[in-house]
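For reference, the structure discussed in these notes is given below.
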RNA sequence: GGCGACGUGGCGGAGUGGCUACGCAGCGGCCUGCAAAGCCGUGUACACCGGUUCGACUCCGGUCGUCGCCUCCA
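In our numbering, the protein residues as written are 1 to 454.
Take a look at the structure:
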């Protein structure tokens, strides 16, 4: 196994991955709150952590990836009320949509996808432990986390508790001992249609506590990598970390790994893609219009920690990259790759081992493609298949499922005859007809062939 | 205001104290009846100002600017 280094948000530096249990890596990635279809920004962590899992497995680790779904939340109550449906019904429908949308990315599923609504016993137990430890208190059916009992609070996101904005949240402000405190449990309210019994009263969990509970349900005492979007670092992950620390006496995560945001708009800087801003593009729409390969190529074309410009132009760039790789793939043969490939494969893997730098890995792929295109001998595809597989682009080596219809083949043959007779007017006319039917004619040394039009 | 990330060639985007990243687009050429695909060649790039150094795009300080978080957010 090579040394793998990842940037840890908590320490602000690259750290060597040293799993708690040798050979096994646990990853917990925060998933979406399901009150609507997910947008492409939500897809980034799904892609990043799915691909990280592939790489770690390639390096010989046994990897368990957990990505939760938040299905109990104020937003869900609000959306359900607006639509006049039950919140459970909406959450179930949107969870199914989330699964379908991420399935379409073609990266497989995480090993576990716990739901908050199915994790209540563990959540209640964790809250009880916090109350027992003096780090939480019940007030009128709510339970709040006592932030100042955690001396390390703020260490993940680099904040000083005493300098934090003391702005009062509207909710529960009068019941909190300290404005910094946050809700672990919220007492049932008249217009909410899901609630569970708990020792301090009927209600439902706060957002942050579910992740601490679900992570320990799968991994026990801590997880090697805990991740999600950088916008979750505070307060969500900070609060998760505090809960686990105060209830269990150990850190929740070894390495905190956060992906950057998608940005929209042209020019220098953009605006974060966000449901609250309303500049979102739904994942299924992107997949339908541009295909999953272009989207994944766009994602791996940037470093996961950096903000990524999203829009038609970046997608078109990515599509161009995809096209070139696919073209090269058409000329490859099955079997081991030539000697020159080893160095490029190593460069590729080293790039991933160095804070999962997929753009540098992709550069190795590009160089591999150039080398293969230059080769006079048939080139074996094995190493390229490994690299593309680790980037989630294995489909680029698959040939088109269906060939052209019989009448188009006949047309192409007619054109070949015209061309042989140097009747170029006819052959060019037929070529246009074929193009209109969605097929490009390419006259190669072995005769013409029909390819799906881009 | 506080904290964090960052400012690289037309666009996107890695990286490094002295040596071609890479992709897309462009230009010239080869190949082709013409295309397409491919190949070859081609770009005074590193926000600004100081400092350290034999040498900085790369280190240090400052300035300006962008983005994120500080409220739900991947």
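A virtual CB, placed ideally from N, CA and C, is assigned to each residue, including glycine.
- Task: Please classify residue 86: does DSSP put it in a helix, a strand, or coil?
- Result: Taking the first residue of the first chain as 1, we reach residue 86 at position 86. Coil, per DSSP.
- Query: CA-CA distance, residue 327 and residue 367?
  - Reply: Mapped onto the first chain, residue 327 falls at position 327. Mapped onto the first chain, residue 367 falls at position 367. About 14 Å.
- Query: If you draw a straight line from the alpha carbon of residue 177 to that of residue 148, how long is it in whole angstroms?
  - Reply: Here the question's residue 177 lines up with position 177 in the first chain. Here the question's residue 148 lines up with position 148 in the first chain. Distance between the alpha carbons of residue 177 and residue 148 is about 10 Å.
- Message: Can you give me the C-alpha to C-alpha distance between residue 133 and residue 247, rounded to a whole angstrom?
- Response: Stepping through the first chain from its first residue, residue 133 is reached at position 133. Stepping through the first chain from its first residue, residue 247 is reached at position 247. About 7 Å.
- Query: Does the beta-carbon distance from residue 137 to residue 238 come in below 8 Å?
  - Reply: Numbered from its first residue, the first chain carries residue 137 at position 137. Numbered from its first residue, the first chain carries residue 238 at position 238. Result no, Cβ atoms of residue 137 and residue 238 do not sit closer than 8 Å.
- Are the segment 354-374 and the segment 399-418 touching, with three or more C-beta to C-beta distances below 8 Å? no
- Message: Quick test of your reading: residue 56 and residue 76, contact by CB under 8 Å. State the CB separation rounded to the nearest angstrom.
- Response: The residue labelled residue 56 in the question sits at position 56 within the first chain. The residue labelled residue 76 in the question sits at position 76 within the first chain. Wrong, their Cβ atoms sit about 33 Å apart, outside the cutoff.
- Query: Assuming residue 101 and residue 283 make a contact with CB atoms under 8 Å, what is their CB distance in whole Å?
  - Reply: Sequence index remark: in the first chain, residue 101 carries index 101 (1-based). Sequence index remark: in the first chain, residue 283 carries index 283 (1-based). With a Cβ gap of about 5 Å, residue 101 and residue 283 count as contacting.
- Message: For residue 424, count the other beta carbons within 10 Å of its own beta carbon; 16 or more makes it buried, fewer makes it exposed. Which is it?
- Response: For the purposes of this step, residue 424 is identified with residue 424 of the first chain, where counting begins at 1. Exposed, since its Cβ has fewer than 16 Cβ neighbours within 10 Å.
- Item | Option in 93, 4 and 307 with minimal Cα separation from residue 264 | Here residue 264 corresponds to residue number 264 of the first chain, with the count starting at 1. Out of 93, 4 and 307, 307 has the C-alpha closest to the C-alpha of residue 264.
- Message: The alpha helix (DSSP H) that contains residue 294, what's its start and end?
- Response: One-based indexing of the first chain puts residue 294 at position 294. It spans 292-300 - the alpha helix (DSSP H) in which residue 294 sits, taken as one unbroken run.
- Item | DSSP state of residue 137 mapped onto helix, strand, coil | Locating residue 137 in the first chain gives position 137, where the first residue counts as 1. Strand, per DSSP.
- Task: Please look up how many angstroms separate the CB atoms of residue 26 and residue 223, rounded, as I've assumed it's under 8 Å.
- Result: Counting from one through the first chain, the residue named residue 26 turns up at place 26. Counting from one through the first chain, the residue named residue 223 turns up at place 223. Indeed they touch by this definition, with Cβ atoms about 4 Å apart.
- Task: Report all residues from its chain with a CB closer than 6 Å to the CB of residue 63; omit the five preceding and five following residues, and keep chain order.
- Result: In the first chain, residue 63 corresponds to position 63, counting from 1. Taken in chain order, the residues that qualify are 25, 53, 56 and 57.
- Task: With DSSP as the reference, please indicate the residues paired to residue 264 in a beta bridge.
- Result: Taking the first chain and counting its residues from 1, the one referred to as residue 264 is at position 264. Answer is 271, bridged to residue 264.
- Counted within 10 angstroms of its Cβ, other Cβ atoms place residue 277 as buried (16 or more) or exposed: If you number the first chain from 1, residue 277 lands on position 277. Its Cβ having fewer than 16 others within 10 Å, residue 277 is exposed.
- Quick one, are the C-beta atoms of residue 130 and residue 145 less than 8 Å apart? Numbered from 1 along the first chain, position 130 holds the residue referred to as residue 130. Numbered from 1 along the first chain, position 145 holds the residue referred to as residue 145. Their beta carbons are under 8 Å apart, which means residue 130 touches residue 145 by this criterion.
- Message: On the DSSP letters alone, give me the boundaries of the beta strand (DSSP E) that residue 16 sits inside.
- Response: For this step, residue 16 is matched to residue 16 along the first chain. Unbroken beta strand (DSSP E) run through residue 16: 13-16.
- Query: How would you label residue 212, buried or exposed, when you count the other beta carbons within 10 angstroms and need 16 or more for buried?
  - Reply: Within the first chain, the letter at position 212 stands for residue 212. When all chains shown are included, residue 212 counts as buried.
- Check residue 438 in the structure and name its three-state DSSP category. As a position in the first chain, residue 438 is number 438, starting the count at 1. In the structure shown, residue 438 sits in coil (DSSP, three-state: anything other than H, G, I, E or B).
- In angstroms, rounded to a whole number, what distance separates the CA positions of residue 108 and residue 163? Looking up residue 108 in the first chain gives position 108. Looking up residue 163 in the first chain gives position 163. Distance between the alpha carbons of residue 108 and residue 163 is about 43 Å.
- Just list the beta strand (DSSP E) runs in the segment 198-231, keeping only unbroken ones of 3 residues or longer that don't cross its boundaries, in chain order. 203-205 and 223-229
- Can you give the Cα-Cα distance for residue 97 and residue 433, rounded to whole angstroms? Counted from its first residue, the first chain places residue 97 at position 97. Counted from its first residue, the first chain places residue 433 at position 433. One C-alpha to the other measures close to 40 Å.
- Taking residue 5 and residue 353 to be in contact with their CB atoms under 8 Å, please state how far apart those CB atoms are, rounded to whole angstroms. The residue labelled residue 5 in the question sits at position 5 within the first chain. The residue labelled residue 353 in the question sits at position 353 within the first chain. The Cβ separation is near 7 Å, so the contact holds.
- Query: In whole angstroms, what separates the C-alpha of residue 275 from that of residue 378?
  - Reply: As a position in the first chain, residue 275 is number 275, starting the count at 1. As a position in the first chain, residue 378 is number 378, starting the count at 1. Those two C-alpha atoms are separated by around 50 Å.
- Query: For residue 194, which of helix, strand or coil comes out of DSSP?
  - Reply: For this step, residue 194 is matched to residue 194 along the first chain. The answer is coil: DSSP assigns residue 194 none of H, G, I, E or B.
- Message: Measuring only the C-alpha atoms, how far is residue 448 from residue 336?
- Response: To locate residue 448, count along the first chain from 1; it is residue 448. To locate residue 336, count along the first chain from 1; it is residue 336. Answer to the nearest angstrom: the Cα atoms are 29 Å apart.
- Query: Relative to the C-alpha of residue 191, which residue among 334, 175, 78 and 221 is closest?
  - Reply: By one-based count along the first chain, residue 191 stands at place 191. Answer by Cα proximity: 78.
- Message: Based on DSSP bridge pairs, tell me the residues matched to residue 39.
- Response: Here residue 39 is taken as the residue at index 39 of the first chain, counted from 1. Looking at the DSSP assignment, residue 39 forms a beta bridge with 282.
- CA-CA distance, residue 120 and residue 220? Within the first chain, residue 120 is the residue found at index 120, counting from 1. Within the first chain, residue 220 is the residue found at index 220, counting from 1. Between residue 120 and residue 220, the C-alpha separation is close to 16 Å.
- What do you get for residue 440, buried or exposed, if any count of 16 or more other CB atoms within 10 angstroms of its CB means buried? As a position in the first chain, residue 440 is number 440, starting the count at 1. Flag for residue 440 reads exposed.
- Candidates 122, 186 and 103, of which the one nearest residue 215 by Cα: If you number the first chain from 1, residue 215 lands on position 215. Looking at the Cα atoms, 122 is the closest of the given residues.
- Item | Chain-order list of residues whose beta-carbon lies under 6 Å from that of residue 225 (same chain, five-residue window excluded) | What you label residue 225 is simply residue 225 of the first chain in a count that begins at 1. Counting only Cβ-Cβ distances below 6 Å, and skipping sequence neighbours, we find 27, 255 and 257.
- Please list, in chain order, all residues of the same chain as residue 297 whose beta carbon is under 7 Å from its beta carbon, the five residues on each side excluded. Position 297 of the first chain holds residue 297. These residues qualify, in order along the chain: 318, 321, 322 and 393.
- CB contact flag (residue 114, residue 47, <8 Å): Along the first chain, read from residue 1 onward, the residue named residue 114 stands at position 114. Along the first chain, read from residue 1 onward, the residue named residue 47 stands at position 47. Contact flag unset, no.
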